[in-house]
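Asks: Starting off with a structure, shown below.
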Amino acid sequence: MTQVASNSALPSLDGLRASFRGELIGTDHPAYEQTRRSLLFNGMHDRRPALIARCSYAGDVQAALSYARAQNLLVAVRGGGHSTPGYSSCDDGVVIDTSPIKTVDIDTAQREGRFGAGLTWAELDAATQADGLAVTGGRVSHTGIAGFTLGSGSGWLERKYGMTAASLLAAQVVTADGQLVNASADENPDLLWGLRGGAGNFGVVTEFRFRLHPVGPLVFAGLILHPRESASAFIRFYREFMRDAPDDVGGAVGLMTAPPAEFIPEAARGQQVCGVLVFYTGDLQQGPTAFGPVLEWGKPLMSQVGPMPYTAVQSLLDDSFPWGIKDYGKVDYVRDLSDQAVDTMVQLAWQARSPFSVVLLCPLGGAVSRMDRGSMALNIPNMDWMYFCEATSWDDQQQAADIAWAKNFLATMRPWSVDQAPPNFLEPDEGTRRIRASFGEKKFQRLTALKDRYDPTNVFSRNVNIRPSGARART
Numbered sequence: 000m001t002q003v004a005s006n007s008a009l010p011s012l013d014g015l016r017a018s019f020r021g022e023l024i025g026t027d028h029p030a031y032e033q034t035r036r037s038l039l040f041n042g043m044h045d046r047r048p049a050l051i052a053r054c055s056y057a058g059d060v061q062a063a064l065s066y067a068r069a070q071n072l073l074v075a076v077r078g079g080g081h082s083t084p085g086y087s088s089c090d091d092g093v094v095i096d097t098s099p100i101k102t103v104d105i106d107t108a109q110r111e112g113r114f115g116a117g118l119t120w121a122e123l124d125a126a127t128q129a130d131g132l133a134v135t136g137g138r139v140s141h142t143g144i145a146g147f148t149l150g151s152g153s154g155w156l157e158r159k160y161g162m163t164a165a166s167l168l169a170a171q172v173v174t175a176d177g178q179l180v181n182a183s184a185d186e187n188p189d190l191l192w193g194l195r196g197g198a199g200n201f202g203v204v205t206e207f208r209f210r211l212h213p214v215g216p217l218v219f220a221g222l223i224l225h226p227r228e229s230a231s232a233f234i235r236f237y238r239e240f241m242r243d244a245p246d247d248v249g250g251a252v253g254l255m256t257a258p259p260a261e262f263i264p265e266a267a268r269g270q271q272v273c274g275v276l277v278f279y280t281g282d283l284q285q286g287p288t289a290f291g292p293v294l295e296w297g298k299p300l301m302s303q304v305g306p307m308p309y310t311a312v313q314s315l316l317d318d319s320f321p322w323g324i325k326d327y328g329k330v331d332y333v334r335d336l337s338d339q340a341v342d343t344m345v346q347l348a349w350q351a352r353s354p355f356s357v358v359l360l361c362p363l364g365g366a367v368s369r370m371d372r373g374s375m376a377l378n379i380p381n382m383d384w385m386y387f388c389e390a391t392s393w394d395d396q397q398q399a400a401d402i403a404w405a406k407n408f409l410a411t412m413r414p415w416s417v418d419q420a421p422p423n424f425l426e427p428d429e430g431t432r433r434i435r436a437s438f439g440e441k442k443f444q445r446l447t448a449l450k451d452r453y454d455p456t457n458v459f460s461r462n463v464n465i466r467p468s469g470a471r472a473r474t
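Written out as structure tokens, the structure reads:
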């Protein structure tokens, strides 16, 4: 039953209330403060929407969108709320919250599944792993599947199966004019192309259909910690190890402060360390051989590697990115991981002020290099490495310094980088130039034409925005 409190700041909600099955939360609703604060993962942002429309199905999305458009209100679309720039909410507008839409329908014979836009990766993984299936998902399990997929989908499985956008077969979408349409290879294929990495510019996706792949339920994985002084030497070794590694070999190197967790040796807690995430999707018995050189390298502070549930791997970074922490990131592909680039990266990483900040160096190649780039808006340069520089902290007073550290990291690493990032990892302060560069000019022009067709007035502007070319676009 629809619940809504009076809200004098909004025009009458009577019409919307009559057709809305979910929950409408205005500023006078007793749950408003708690709800609005829970909309965003990133504690850097504090938004106060006029109305939060918690949608239970596609019809609710249509109704909420129609109301917002009739009242000329700003629209924000929320799935899991993990948008680092805070696009999942807005001030004074309508938040179309799809998080209650958690439908699951898996066809194990066809290795396909239909999934509601409100699912998190923890929820999707739990459902698919019952049948030993998966699709590339987020490295933090409480990330929502929707924005993650629409903005690229970089995760631990990408070397084996490509980024998530490559496994998107179809979607159900509410477009800016309120129509519910299907996007697939047979229906609206141009829209499907745009959804594969176009950053939510063309509508509200209420359901995703993914190609699923055999994974787990157990994989060979774990964590190794080396002392800070070994970081440069280890990354040089790891660079050569990954050069000819098969697709089943994945993971990352993390330059970070060891958390005060029970599984971390007491002497390492609170110390800057070089962490190695081991991830192998092949036969469990072959894991120790495939990662033999890594397991035997140096004198680690800790090595906990062996068979573990894939779902456990998916949540390994959850404690490093708790809900509400302040998060600001810079991401780029590495063009040349030379010795000088390695040394510079390591030196910059140790300059982080917050113990929660981390630099992840992730190997690409494998299936990422073979993705059909023409079938998607996502523009992935053919590079072997990508880094994530995440400035995270609970300290309001430290926020400016954390952001400055991440910006300096990006700028200093530029001689060895491409100056592009997947849409999910572009901050608002990077401007149109880097957005265009990240999509590539040819794809950017095609995306603009697609925006002109599906959203000519820029109703969906709370995203890595592709502005329509027409003069009617919302500013």
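Under numbering that gives the first Met the number 0, the first residue of the sequence shown carries the number 0, and numbering increases by one thereafter. Don't be surprised by glycine CBs; every beta carbon is placed ideally from N, CA and C.
Taking all protein chains shown into account, do 16 or more other C-beta atoms lie within 10 angstroms of the C-beta of Ser468, making it buried, or fewer, making it exposed?
Replies: Counting from 1 along the sequence shown, the entry for residue 468 is found at position 469. The residue in question, Ser468, is exposed, as its Cβ has fewer than 16 Cβ neighbours within 10 Å.
Asks: Out of Gly196, Lys329 and Leu217, which one is the CA nearest neighbour of Val417?
Replies: Counting from 1 along the sequence shown, the entry for residue 417 is found at position 418. Of the candidates Gly196, Lys329 and Leu217, the one whose C-alpha sits nearest the C-alpha of Val417 is Lys329.
Asks: Beta carbon of Ser480, beta carbon of Trp415: below 8 Å?
Replies: Nothing can be reported for residue 480, as the shown portion of the chain is limited to 0 through 474.
Asks: Less than 8 Å between the beta carbons of Val333 and Arg68, yes or no?
Replies: One-based indexing of the sequence shown puts residue 333 at position 334. One-based indexing of the sequence shown puts residue 68 at position 69. No, Cβ-Cβ distance for Val333 and Arg68 is not below 8 Å.
Asks: Does DSSP put Ser18 in a helix, a strand or coil?
Replies: Position 19 of the sequence shown, counted from the first residue, corresponds to residue 18. Correct three-state label for Ser18: helix.
Asks: Use the C-beta contact count for Trp393: other C-beta atoms within 10 angstroms, 16 or more gives buried, fewer gives exposed.
Replies: The residue given as residue 393 occupies position 394 in the sequence shown. Burial call: exposed.
Asks: Using three-state DSSP, classify Gln178 as helix, strand or coil.
Replies: Taking the first residue of the sequence shown as 1, we reach residue 178 at position 179. If DSSP states are grouped into helix, strand and coil, Gln178 belongs with coil.
Asks: Between the alpha carbons of Pro188 and Val272, how many angstroms are there, rounded?
Replies: Position 189 of the sequence shown, counted from the first residue, corresponds to residue 188. Position 273 of the sequence shown, counted from the first residue, corresponds to residue 272. Each residue's alpha carbon lies about 47 Å from the other.
Asks: Taking all protein chains shown into account, do 16 or more other C-beta atoms lie within 10 angstroms of the C-beta of Ala52, making it buried, or fewer, making it exposed?
Replies: As a first step, residue 52 must be located in the sequence shown, where it is residue number 53. Buried, by the Cβ-count rule.
Asks: If you follow the alpha helix (DSSP H) that Glu206 is part of, which residue opens it and which one closes it?
Replies: Mapped onto the sequence shown, residue 206 falls at position 207. Run containing Glu206: none in the alpha helix (DSSP H); it sits in the beta strand (DSSP E), Val203 to Arg210.
Asks: Does DSSP put Ala126 in a helix, in a strand, or in coil?
Replies: As a first step, residue 126 must be located in the sequence shown, where it is residue number 127. Ala126: helix per DSSP, three-state reduction.
Asks: When the Cα atoms are used, what is the spatial distance from Val357 to Leu73?
Replies: The residue you call residue 357 lines up with position 358 of the sequence shown. The residue you call residue 73 lines up with position 74 of the sequence shown. Taking the straight line from one Cα to the other gives about 34 Å.
Asks: For the structure I just gave you, are there three or more beta carbon pairs, one from the region 13 to 27 and one from the region 37 to 45, closer than 8 Å?
Replies: No, because fewer than three Cβ pairs between the region 13 to 27 and the region 37 to 45 fall closer than 8 Å, the two stretches do not touch.
Asks: Is it buried or exposed for Arg242, if we count other Cβ within 10 angstroms and need 16 for buried?
Replies: Counted from its first residue, the sequence shown places residue 242 at position 243. Its Cβ having fewer than 16 others within 10 Å, Arg242 is exposed.
Asks: Per DSSP, Leu276 is paired with what?
Replies: Indexing the sequence shown from 1 puts residue 276 at position 277. Note: Leu276 sits in a beta bridge opposite Leu222 and Ala251.
Asks: My guess is that Ala289 and Asp342 are in contact by the Cβ rule of under 8 Å, so how many angstroms apart are they, rounded?
Replies: As a first step, residue 289 must be located in the sequence shown, where it is residue number 290. As a first step, residue 342 must be located in the sequence shown, where it is residue number 343. Not a contact, Cβ separation roughly 28 Å.
Asks: On the CB-based measure, 16 or more other CB atoms within 10 Å of its CB, does Phe262 come out buried or exposed?
Replies: Within the sequence shown, numbered from 1, the residue matching residue 262 stands at position 263. Flag for Phe262 reads exposed.
Asks: Tell me the residue span of the alpha helix (DSSP H) that contains Val358.
Replies: As a first step, residue 358 must be located in the sequence shown, where it is residue number 359. From DSSP, Val358 is part of no alpha helix (DSSP H) but of the beta strand (DSSP E) over Val357 to Pro362.
Asks: Mind checking Gln339: buried by the 16 CB within 10 Å criterion, or exposed?
Replies: Walking along the sequence shown from the start, residue 339 turns up at place 340. Gln339 comes out exposed.
Asks: What separation, rounded to the nearest whole angstrom, lies between the Cα atoms of Ile465 and Asn378?
Replies: Against the sequence shown, residue 465 aligns to sequence position 466. Against the sequence shown, residue 378 aligns to sequence position 379. Computed Cα separation, rounded: 14 Å.
Asks: Grouping DSSP H, G and I as helix and E and B as strand, with all else coil, what is Ile24?
Replies: Looking up residue 24 in the sequence shown gives position 25. Strand at Ile24.
Asks: Go through the region 53 to 129 residue by residue and report every complete run of the beta strand (DSSP E) that reaches 3 residues or more, in order.
Replies: With a minimum length of 3 residues, the continuous beta strand (DSSP E) runs that stay inside the region 53 to 129 are 74 to 77, 93 to 96, 103 to 106 and 111 to 115.
Asks: If I'm right that Phe114 touches Phe207 with Cβ under 8 Å, what's the distance once you round it to whole angstroms?
Replies: As a first step, residue 114 must be located in the sequence shown, where it is residue number 115. As a first step, residue 207 must be located in the sequence shown, where it is residue number 208. Going by Cβ atoms, the distance from Phe114 to Phe207 rounds to 5 Å, so yes, they are a contact pair.
Asks: Suppose you measure from the CA of Ile234 to the CA of Glu228; what does that come to, to the nearest Å?
Replies: Here residue 234 refers to the residue found at position 235 of the sequence shown. Here residue 228 refers to the residue found at position 229 of the sequence shown. C-alpha separation (whole angstroms): 12 Å.
Asks: Beta-carbon within less than 8 Å of Asp371's beta-carbon, same chain only, minus the 5 sequence neighbours each way: which residues are those?
Replies: As a position in the sequence shown, residue 371 is number 372, starting the count at 1. The answer, listed in chain order, is Ala165.
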